[in-house]
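Chains as they are written, first to last, in the numbering used here: chain A, 3 to 247; chain B, 235 to 617. Using N, Cα and C, we set each Cβ at its ideal position, and we do this for glycine too. Report on one structure; see the data block that follows.
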Amino acid sequence: MIRVDGRSDSPSLIRVRGLNKTYRRGGENIQVLQGLNLDVDQADFVAFMGPSGSGKTTLLNLLGGLDVPSAGSITVAGDEVTHMSASKLTQWRARHVGFIFQMYNLIPVLTAFQNVELPLLLTKLSKSERRKHVETALGVVGLSDRMNHFPRQLSGGQEQRVTIARAIVSDPTFLLCDEPTGDLDRKSADEIMALIEELVGKYHKTVLMVTHDPVVAARAHTTLHLDKGVLVEAARKGVLVGGVA
Amino acid sequence: MKFNRFILANLFRKKIRLILTIGSFAVALFLFTFLAVVKSAFSRGTELAGADRLVVINRAGLINVIPLSYRDKILQIKGVKAVTHNNWFGGVYQDERNFFPQFVIDPENQRLVMTEMRVPDEEWNSFVKDRQGAVAGATLAKRFGWKVGDRIPIKNALYGPTKTWEFVLDGIYHNDHPGGDESQFWLQWKYFDETVPSTIKSQVGWYVVKLDSPDDSVPVAAAIDKGFANSSTETKTETESAFAAGFAKQLGNIELLILTIGGVVFFTLLLVTGNTMAISVRERVGELAVLKAIGYPDRYLLFFVLSEALVIALIGGLIGLGLAVLAIPVVGAALRGLLPPLLLSVGVLSLGLAFAVFVGVASGLLPGIGAMRLRVVDALRRV
Numbered sequence: 003m004i005r006v007d008g009r010s011d012s013p014s015l016i017r018v019r020g021l022n023k024t025y026r027r028g029g030e031n032i033q034v035l036q037g038l039n040l041d042v043d044q045a046d047f048v049a050f051m052g053p054s055g056s057g058k059t060t061l062l063n064l065l066g067g068l069d070v071p072s073a074g075s076i077t078v079a080g081d082e083v084t085h086m087s088a089s090k091l092t093q094w095r096a097r098h099v100g101f102i103f104q105m106y107n108l109i110p111v112l113t114a115f116q117n118v119e120l121p122l123l124l125t126k127l128s129k130s131e132r133r134k135h136v137e138t139a140l141g142v143v144g145l146s147d148r149m150n151h152f153p154r155q156l157s158g159g160q161e162q163r164v165t166i167a168r169a170i171v172s173d174p175t176f177l178l179c180d181e182p183t184g185d186l187d188r189k190s191a192d193e194i195m196a197l198i199e200e201l202v203g204k205y206h207k208t209v210l211m212v213t214h215d216p217v218v219a220a221r222a223h224t225t226l227h228l229d230k231g232v233l234v235e236a237a238r239k240g241v242l243v244g245g246v247a
Numbered sequence: 235m236k237f238n239r240f241i242l243a244n245l246f247r248k249k250i251r252l253i254l255t256i257g258s259f260a261v262a263l264f265l266f267t268f269l270a271v272v273k274s275a276f277s278r279g280t281e282l283a284g285a286d287r288l289v290v291i292n293r294a295g296l297i298n299v300i301p302l303s304y305r306d307k308i309l310q311i312k313g314v315k316a317v318t319h320n321n322w323f324g325g326v327y328q329d330e331r332n333f334f335p336q337f338v339i340d341p342e343n344q345r346l347v348m349t350e351m352r353v354p355d356e357e358w359n360s361f362v363k364d365r366q367g368a369v370a371g372a373t374l375a376k377r378f379g380w381k382v383g384d385r386i387p388i389k390n391a392l393y394g395p396t397k398t399w400e401f402v403l404d405g406i407y408h409n410d411h412p413g414g415d416e417s418q419f420w421l422q423w424k425y426f427d428e429t430v431p432s433t434i435k436s437q438v439g440w441y442v443v444k445l446d447s448p449d450d451s452v453p454v455a456a457a458i459d460k461g462f463a464n465s466s467t468e469t470k471t472e473t474e475s476a477f478a479a480g481f482a483k484q485l486g487n488i489e490l491l492i493l494t495i496g497g498v499v500f501f502t503l504l505l506v507t508g509n510t511m512a513i514s515v516r517e518r519v520g521e522l523a524v525l526k527a528i529g530y531p532d533r534y535l536l537f538f539v540l541s542e543a544l545v546i547a548l549i550g551g552l553i554g555l556g557l558a559v560l561a562i563p564v565v566g567a568a569l570r571g572l573l574p575p576l577l578l579s580v581g582v583l584s585l586g587l588a589f590a591v592f593v594g595v596a597s598g599l600l601p602g603i604g605a606m607r608l609r610v611v612d613a614l615r616r617v
């Protein structure tokens, strides 16, 4: 159950309270996020929409531990993320967050298998265990027959599938998707969204996604709209959720 | 090493750039090694000089002679074990390009003083008895294909009208010191003294004094120079190593020249490799940011960049050193007579390898630190 009123007392997987982010640009303070509250449970699928500059990507970066808030707190599976040191945050990301980017960001000189294996090289898994995990992840995204292909030998949709396999291979707590279909045609976008839905429905992954595309956003359980750093509207499969800040 | 594949894959992403960088490394390492060998050749005399030997020359300069009569006076000084004397002969064998050092030696005392230069007794005895006898170093004999018994004509214009002196090769000496000089040609003092014009008879070029102990070098040197002070021929006595160093300096400040060229090579290589690594990191900002995002600690990024730089340095370095191993004997043979023997020692090769590793690490350090400091959010925005 996704709540944005900050009044939930029950423990949620991701809990955000009073989140603020201010940038200083040209001697001026720019408030990107203002007092944002959010509660996301296991296997929730939430989409963030809003105009450019509304703070969607900043929110995603803060939730993924890539940036630190100016005020407020983020708690994930009981871990308070906001006050972690940079090195702790790096370790935390490796364990808890799977990233899916718009531009795929695969390493071009590595095969699909090697790209997916990258997060596992940080673990103590043996070579055979790593192979098993990678093959499973590539199987989930339907690329078992492409594991020795380099990114340049794959279509955009297939590249994004490899990115998804890389994101899920270490079984993270949640997935962050930044415009995952932004660089794809409609058919490929549908396939990617079907895959993400499968990750949520079948594998109970929690997914937070930023998108400009209302068709893509409609596939999420809940769509939250941001404007000037404030959550202005929430829709749950067409039904507004009350208590939006 | 589970990251080997990743590091190698990144290295080979721009093959032409990789080949060119490794090529510049190889050329620079070859040049560095060659310069180090030349420097070592010039300083070898200093390194191999006997700690228990002094050289006495005319205070007015090495080209001025000293009376033979000084020998007995020097021998009387406390701490002196033996004394021998030499003259520079300066002849030409067949062609001026066939230069090699020719010394007039004192057969009675040569072996007492220059103990590391060994001649078999049988050959030495033939030489002592033979007025026109000569002894050649093993390298010199090999160079011209000389064998014991060969007649060797040497043209000389330094002592009277130009004439050809005939010598018979009675022996071949070997140097006990690895890398020690084996390129000299020795001839008999008696033959020389009888043949030169009367104005230079009984005059020697310099004395070499063997001491009882190296500890005596300072007082003995002072005593020798004091003994001949205010005479018509004053002396200048110094240790053999100081003499060798001074002799090498007469050719110019070789060491400074080599160090300067070496420094230029070092900085050029550092800039070339550093630039390559900087471009390589800049091209991969997005990928490095993704690595950081998925949990790679900063030190891993530094490790990746340094490893790439080190692999380039080691491959380039080893190729350069391999080239040096192949080319230096050939270059040394071509420059024989113009330069001291060029010997590529294990020490020089190790120094070259250390140089390569140092340049590799230094060139990768700044780009590596840049990769470490990369802010994921900013880097991903640039992609």
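Which same chain residues end up closer than 6 Å to residue i when comparing Cβ atoms and leaving out the 5 residues on each side of it in sequence?
i              : result
L346 (chain B) : A316
L583 (chain B) : L555
I76 (chain A)  : V18, V83 and T84
V506 (chain B) : S258
F176 (chain A) : T208
V382 (chain B) : L403
A262 (chain B) : V499 and L503
Does residue i pass the burial test, meaning 16 or more other C-beta atoms within 10 Å, or should it be called exposed?
i              : result
P53 (chain A)  : exposed
G554 (chain B) : buried
E517 (chain B) : exposed
E542 (chain B) : buried
K23 (chain A)  : buried
E342 (chain B) : exposed
G371 (chain B) : buried
L242 (chain A) : Residue placement at L242 (chain A) is poorly supported in this model, since its pLDDT is 40, which falls under 50; the coordinates still yield a value, given next. Exposed, since its Cβ has fewer than 16 Cβ neighbours within 10 Å.
G29 (chain A)  : exposed
N320 (chain B) : buried
P71 (chain A)  : buried
D355 (chain B) : exposed
Find the residues of chain A that neighbour residue i, judging by a C-beta separation of less than 9 Å, and give them in chain order.
i              : result
I250 (chain B) : Neighbours of I250 (chain B) on chain A: none; closest Cβ ~15 Å, over 9 Å.
I546 (chain B) : Result: empty, since nearest Cβ-Cβ is about 16 Å, beyond 9 Å.
R247 (chain B) : P110 and V111
Quick one: what's got a C-beta closer than 7 Å to residue i's C-beta in the same chain, skipping five residues either side?
i              : result
G55 (chain A)  : none
I166 (chain A) : I102, V143 and L197
G325 (chain B) : Q336, I388, K389, N390 and W399
G240 (chain A) : Since pLDDT at G240 (chain A) reaches only 40, below the 50 mark, its modelled position is unreliable, and the value read off the structure follows with that caveat. There are no such residues.
Q36 (chain A)  : N22, G231 and V232
Output needed for residue i: all residues of its chain with C-beta closer than 8 Å, excluding positions within five of it in sequence on either side, in chain order.
i              : result
V591 (chain B) : L544, A547, L548 and G551
A527 (chain B) : V610 and L614
G245 (chain A) : Below a pLDDT of 50, predicted positions are generally treated as unreliable, and G245 (chain A), at 43, falls in that range; the measurement from the model is reported next regardless. Hits under 8 Å: R5, V6, D7 and R9.
I458 (chain B) : L288, V290, I308, I311, V443, T469 and T471
In chain A, what lies closer than 7 Å to residue i by C-beta?
i              : result
N244 (chain B) : V111
List the residues of chain B that residue i touches, going by C-beta distances under 9 Å, in chain order.
i              : result
N107 (chain A) : G520, E521, A523, V524, A527, L614 and V617
S56 (chain A)  : By Cβ distance, chain B contributes nothing, its closest Cβ being about 16 Å from S56 (chain A), past 9 Å.
L120 (chain A) : F240, V524, L525, I528 and Y530
Q116 (chain A) : R239, F240 and A243
In chain B, what lies closer than 7 Å to residue i by C-beta?
i              : result
A96 (chain A)  : I528 and G529
S89 (chain A)  : P531
L123 (chain A) : K236 and F237
Q33 (chain A)  : By Cβ distance, chain B contributes nothing, its closest Cβ being about 17 Å from Q33 (chain A), past 7 Å.
F101 (chain A) : A527 and I528
Mind listing the chain A neighbours of residue i? Cutoff is C-beta to C-beta under 8 Å, in chain order.
i              : result
T515 (chain B) : Correcting the residue identity first, residue 515 (chain B) is Val in this sequence and not Thr. Here the premise fails: no neighbours, minimum Cβ distance about 14 Å.
T611 (chain B) : The sequence given here places Val at residue 611 (chain B); Thr does not occur at that position. The contacting residues are N63, L68 and D69.
Is residue i near the ligand FMN, judged by its Cβ being under 7 Å from some heavy atom?
i             : result
S12 (chain A) : You won't find the ligand FMN in this model; it holds no ligand whatsoever.
By the criterion of Cβ-Cβ separation under 8 Å, what are the contact partners of residue i in chain B?
i             : result
T92 (chain A) : K526, G529, Y530, P531 and D532
Problem - Cβ contact check for the segment 546 to 561 of chain B and the segment 608 to 615 of chain B: 3 or more pairs under 8 Å - result: Contact between the segment 546 to 561 of chain B and the segment 608 to 615 of chain B is absent, because fewer than three Cβ pairs lie under 8 Å.
Exercise for the section: Would you be able to state if there are at least three C-beta pairs under 8 Å between the segment 32 to 47 of chain A and the segment 186 to 197 of chain A? Expected result: With a cut-off of 8 Å, the segment 32 to 47 of chain A and the segment 186 to 197 of chain A do not count as touching, because too few Cβ pairs lie within range.
Exercise for the section: Any chance you could list the beta strand (DSSP E) runs of at least 3 consecutive residues sitting entirely within the segment 89 to 154 of chain A, in chain order? Expected result: As summarised for the segment 89 to 154 of chain A, the continuous beta strand (DSSP E) elements at least 3 residues long and confined to that stretch are 99 to 102, given in chain order.
Practice task
Could you pull out every unbroken beta strand (DSSP E) segment of at least 3 residues lying fully inside the segment 324 to 371 of chain B, listed in chain order?
Solution key: List check, beta strand (DSSP E) in window: 336 to 339 and 367 to 371.
Problem - Segment contact, 8 Å Cβ cut-off, at least three pairs: the segment 462 to 472 of chain B with the segment 298 to 312 of chain B - result: The segment 462 to 472 of chain B vs the segment 298 to 312 of chain B: in contact.
Practice task
Please go through the segment 235 to 259 of chain B and give each complete beta strand (DSSP E) segment of 3 or more residues, from N-terminal end onward.
Solution key: Correct list: empty.
Practice task
Go through the segment 431 to 477 of chain B residue by residue and report every complete run of the beta strand (DSSP E) that reaches 3 residues or more, in order.
Solution key: For secondary structure counted as the beta strand (DSSP E) over 3 or more consecutive residues, the segment 431 to 477 of chain B holds these complete runs in sequence order: 440 to 445 and 469 to 473.
Practice task
Assess, as a yes-or-no matter, whether the segment 289 to 298 of chain B is touched by the segment 514 to 532 of chain B under the definition of 3 or more beta carbon pairs within less than 8 Å.
Solution key: The segment 514 to 532 of chain B is not in contact with the segment 289 to 298 of chain B.
Practice task
Give a yes or no on contact between the segment 432 to 446 of chain B and the segment 285 to 292 of chain B, applying the rule of three or more CB pairs nearer than 8 Å.
Solution key: The way I'd put it, the segment 432 to 446 of chain B does touch the segment 285 to 292 of chain B; three or more beta-carbon pairs between them come closer than 8 Å.
Handout entry: Any 3 or more C-beta pairs closer than 8 Å across the segment 134 to 153 of chain A and the segment 168 to 184 of chain A
Key = Verdict: yes, contact present.
Problem - Segment contact, 8 Å Cβ cut-off, at least three pairs: the segment 419 to 427 of chain B with the segment 350 to 368 of chain B - result: Cβ pair count under 8 Å is three or more, so yes.
Exercise for the section: Give, in chain order, every unbroken run of the alpha helix (DSSP H) that is at least 4 residues long and sits entirely within the segment 505 to 546 of chain B. Expected result: Contiguous alpha helix (DSSP H) elements confined to the segment 505 to 546 of chain B occur at 519 to 527, taking only those with 4 or more residues.
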